[in-house]
Amino acid sequence: MIRRPPRSTLFPYTTLFRSPQYPIWVLGSETHLTVLFSRERKLCTPETPEAAAKRVFKSFDPEGNNFISSILLGDVLKALDLFSDPEYVDLMKRKLDSEELGIILLSSFMDEFYPSEESVTPEAFILYHYNGLKRSCPGEKVV
């Protein structure tokens, strides 16, 4: 019979696994697990308002075409807790769909409502790799 340690003993470990100090990815293959990690803490940033806006916009675009029907603009604005008064929505429809095609592009939506998106994640970073195979670790070091 296997006994679990008391919850108070497990808590510090489970907290570290759920909220690591450094980003870590575990990939599985048929023969082993591979661990990728970085010491760059900026990779673990919370979702920015711009990223949330893209996620919400894309949730109204299930086919992934990077546009929505102009009829859905009010719903997108409501989902993002932006001003969504009907007169304002109509004004923005005319501005974002000036050619009256009945669609609003993601790029024009982002330019209008989130014009200065600044990335807080680094463009490049060092990534460490460990796959648990002895032949992959020269000198028994993770590189």
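Quick note: the sequence shown uses the numbering used here, first residue 103, plus one each step. Yeah, the Cβ is synthetic: ideal placement off N, Cα and C, and Gly gets one too.
A contact is defined here as three or more CB-CB pairs under 8 angstroms, and the stretch 204–212 meets this definition with respect to the stretch 159–167.
For residue 227, the secondary structure class from DSSP, reduced to helix, strand or coil, is coil. For residue 183 and residue 149, the gap between their C-alpha atoms comes out near 16 angstroms.
Setting aside the 5 residues that flank it on each side, residue 144 is surrounded in the same chain by 222, 223, 224, each with a C-beta closer than 7 angstroms to its C-beta; the list follows chain order.
DSSP lists 137 as the beta-bridge partner residues of residue 128.
Inclusion of residue 151 and residue 216 in the CB contact set at 8 angstroms is warranted, their separation being smaller than that value. Under the criterion of beta carbons closer than 8 angstroms, residue 180 and residue 186 qualify as touching, at roughly 5 angstroms.
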